[in-house]
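Residue numbers (this note's numbering): 116 to 426.
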């Protein structure tokens, strides 16, 4: 079975490790953090639930010793400063860019064949930075944002429709940001039926608007970034990789002409399997949706330009 490393033992990283262990999809999960004893403590606490919850995954922790992460199949990067109330993802770039670059370089020294999942914000820019720093095939660099945004989209649709969440299919593409994400209401379906058959325009517009500020809403309520849904979203992605499930999931990947964009990481539906992201799915967007995607790309590209002055 496989080995998964989670860099950053905070709320998102620990929740992700917990979800992966409970699913029994990896033989070992390693938590790594720079705070002395923190990852070891989180790992020990989590592993002590194994006999209670019925899983056999070994969970270990390490304080900044990357040798403990050697030969990982998947490495999840959650490192960085979490978003505070009133802080945009864009404002995080100066702080988190150096952290992510250092993490990627140290990780690949010990796991050169690993698939990297980037969670750190601003996620699309950090994914692009990871691609530049890693020097590995583009299909092995995946930014996890669209899965989380889509889960939030489905949450608001569920509340409006009073339906089972598992009966919904809904996708968010574009940048992982309050003004850059694009919840595709036209494609959202309940058991194969367009949700627009059940909801009026005003309700649809509110669902889209609530989805776009989904992260900020939680940050305001909690005083920090969310962790349960982000951790579960990462776990779903890791599961599709380790079990080669070929799930179609929205993730930030390097585009090379797809959706009219090049040299940028943005959220699009991709097939996820043992090789990372294996294929980009063309949704055939209409003119309005394509214009929104271009605007999203322009906004993310402007953030990427800041990288040149930082790293």
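Backbone N, C-alpha and C fix where the C-beta goes; we use that ideal spot for every residue, glycine too.
What you are looking at is a predicted structure, and each value in this text was computed from that prediction instead of being measured.
Inter-residue spacing [alpha-carbon to alpha-carbon] between residue i and residue j
i           : j           : result
residue 382 : residue 219 : 21 Å
residue 226 : residue 184 : 7 Å
residue 278 : residue 269 : 10 Å
residue 311 : residue 186 : 47 Å
residue 395 : residue 386 : 7 Å
residue 256 : residue 188 : 13 Å
residue 276 : residue 315 : 11 Å
residue 108 : residue 317 : Because the chain in this structure spans residues 116 to 426, residue 108 falls outside the shown range and cannot be described.
residue 150 : residue 179 : 8 Å
residue 308 : residue 250 : 43 Å
DSSP-derived helix/strand/coil call for residue i
i           : result
residue 140 : coil
residue 211 : helix
residue 145 : strand
residue 280 : helix
residue 382 : strand
residue 396 : coil
residue 127 : helix
residue 367 : strand
residue 259 : coil
residue 157 : helix
Same chain, Cβ closer than 7 Å to residue i, five either side skipped, listed in chain order
i           : result
residue 412 : 376, 379, 381
residue 248 : 216, 219, 220
residue 137 : 168, 170
Cutoff 8 Å; reference residue i; Cβ partners in own chain excluding five residues on either side
i           : result
residue 134 : 346, 347, 349, 350
residue 224 : 181
residue 209 : 421, 425
residue 327 : 293, 294, 296, 298
Close-in-space but distant-in-sequence residues of the same chain around residue i (CB under 6 Å, 5 per side omitted)
i           : result
residue 373 : 395
8 Å contact criterion, which residue i and residue j should meet: CB distance rounded
i           : j           : result
residue 388 : residue 355 : 7 Å
Please confirm if the segment 169-179 is in contact with the segment 140-149, defined as three or more CB-CB distances below 8 Å between the two stretches. yes
Does the segment 233-246 come into contact with the segment 305-324, if we say contact requires no fewer than three beta-carbon pairs (one atom in each stretch) closer than 8 Å? no
Is there contact here, the segment 247-264 with the segment 358-377, by at least three beta-carbon pairs under 8 Å? yes
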